[in-house]
Structure formats: C-alpha cells, structure tokens
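K.L.:
Sequential numbering of the sequence shown, starting at 5, is according to this note's numbering.
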Amino acid sequence: MEKSPDKLKIMIVQGDEDNMTLYSDFLSRRGYHVIARYTKGNDILTDVEREPPDVFVLNSRLPGNKSGTEVATEILDVYPSAPILFITADCGQPVQVKKHPKLRDKKVEILIKPVKLEQVENTILNLVNK
Numbered sequence: 005m006e007k008s009p010d011k012l013k014i015m016i017v018q019g020d021e022d023n024m025t026l027y028s029d030f031l032s033r034r035g036y037h038v039i040a041r042y043t044k045g046n047d048i049l050t051d052v053e054r055e056p057p058d059v060f061v062l063n064s065r066l067p068g069n070k071s072g073t074e075v076a077t078e079i080l081d082v083y084p085s086a087p088i089l090f091i092t093a094d095c096g097q098p099v100q101v102k103k104h105p106k107l108r109d110k111k112v113e114i115l116i117k118p119v120k121l122e123q124v125e126n127t128i129l130n131l132v133n134k
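#1: From this set, 76, 54, 92, 116, which residue's C-alpha is nearest residue 65's C-alpha?
#2: Which same chain residues, not among the five before or five after residue 85, have their C-beta less than 7 Å away from its C-beta?
#3: Which residue from 61, 40, 59, 73 puts its Cα closest to that of residue 51?
#4: Would residue 122 and residue 31 qualify as a contact pair, given that the criterion is a beta-carbon distance under 9 Å?
#5: Does the Cβ of residue 108 have 16 or more other Cβ atoms within 10 Å, making it buried, or fewer, making it exposed?
#6: Assuming residue 78 is part of the alpha helix (DSSP H), what are its boundary residues?
#7: How would you call residue 19, buried or exposed, if buried means at least 16 neighbouring beta carbons within 10 angstroms?
#8: Applying the 10 Å Cβ sphere with the 16-neighbour rule, what's the burial state of residue 73?
#9: At which residues does the beta strand (DSSP E) containing residue 92 begin and terminate?
#10: Which partner residues does residue 129 have in the DSSP bridge list?
Spelled out as structure tokens, the structure:
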C-alpha cells in the first residue's frame with residue numbers, strides 16, 4: 005500500500021543547520037510530517053524509539069563523534085527495514101554504502117549534492133513505496 009505525504013513521518017539528521025531547515029521546510033510545505041531534526045547523530049535513537057519515523061534523511065558527515073553511516077547502521081540494528089536517504093556532498097558515499105555489510109540490500113538511497121528539492125521528495129516516495 006503506497007503511503008501519501010500527509011501520513012509520512014520523517015526524521016532529518018543533517019550536519020548543516022541551513023540544509024536541515026531547507027529540507028524540513030520544503031517537506032513540511034509539501035504535507036510531510038517532519039517529526040524530528042538533528043544536527044548530530046548522537047542521541048537520535050531515544051526519539052526513534054518514542055516515535056519511529058517512516059523515513060530517515062541523513063548526511064554522511066555529521067559533527068560530533070558519529071558519522072551518518074554509523075547512525076544508519078544503528079537505526080538498521082533496531083529497524084532493519086527502515087528507509088534511509090543520504091543527502092551528501094561526499095562522492096565516495098555510494099562506494100562506502102555498497103561495501104558496508106549492514107547497509108547492503110537495504111532500503112538505502114544516496115543523493116549527491118547539489119540536489120533539487122523535488123529529487124529529495126521523489127526519492128523519499130520511491131524508498132517508502134519499495
């Protein structure tokens with residue numbers, strides 16, 4: 005059953021406050037429910053357990069002591085079928101994801117910046133409806 009935007013709960017973890025606000029505002033205006041926004045990946049699992057999102061939007065490079073890849077593997081340890089969208093400027097991210105045993109064969113997509121906001125939305129919908 006396909007999910008519609010007004011039913012989708014999204015968690016955004018972006019190291020850059022401006023990008024996080026840009027994605028969050030765009031998705032909210034499009035009818036998505038952005039349930040949490042973070043600039044670091046350290047404490048998100050507490051909120052994930054309280055209200056699990058339908059999709060995660062992550063950056064591969066995050067401030068603090070965890071990378072986006074580490075955050076993604078922690079999420080998948082708890083929610084193995086969680087859809088994850090990486091939005092990153094790191095051109096090596098697709099190779100890292102393919103090599104990582106916990107990320108292989110999962111609902112993981114990668115968009116390399118610069119991205120169009122419509123690309124973000126379309127990729128989210130494709131991920132959750134896989």
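By construction, the Cβ of each residue, glycine as well, lies at the ideal position given by its N, Cα and C atoms.
P.N.:
Walking through what the data contain:
#1: Reading the sequence shown from its first residue, position 61 is the one you call residue 65. Cα-wise, what sits closest to residue 65 is 92.
#2: Counting from 1 along the sequence shown, the entry for residue 85 is found at position 81. So the list reads 111, once near-sequence residues are dropped.
#3: Along the sequence shown, read from residue 1 onward, the residue named residue 51 stands at position 47. The residue with the shortest Cα to Cα distance from residue 51 is 40.
#4: Here residue 122 refers to the residue found at position 118 when the sequence shown is read from its first residue. Here residue 31 refers to the residue found at position 27 when the sequence shown is read from its first residue. Their beta carbons are not under 9 Å apart, which means residue 122 does not touch residue 31 by this criterion.
#5: Reading the sequence shown from its first residue, position 104 is the one you call residue 108. Result: exposed.
#6: Numbered from its first residue, the sequence shown carries residue 78 at position 74. Start and end: 72–82.
#7: One-based indexing of the sequence shown puts residue 19 at position 15. Buried is the call here.
#8: The residue you call residue 73 lines up with position 69 of the sequence shown. Classification of residue 73: buried, given that the 10 Å Cβ count is 16 or more.
#9: Locating residue 92 in the sequence shown gives position 88, where the first residue counts as 1. Here the beta strand (DSSP E) through residue 92 covers 88–92.
#10: The residue labelled residue 129 in the question sits at position 125 within the sequence shown. DSSP output for residue 129 lists no bridge partner at all.
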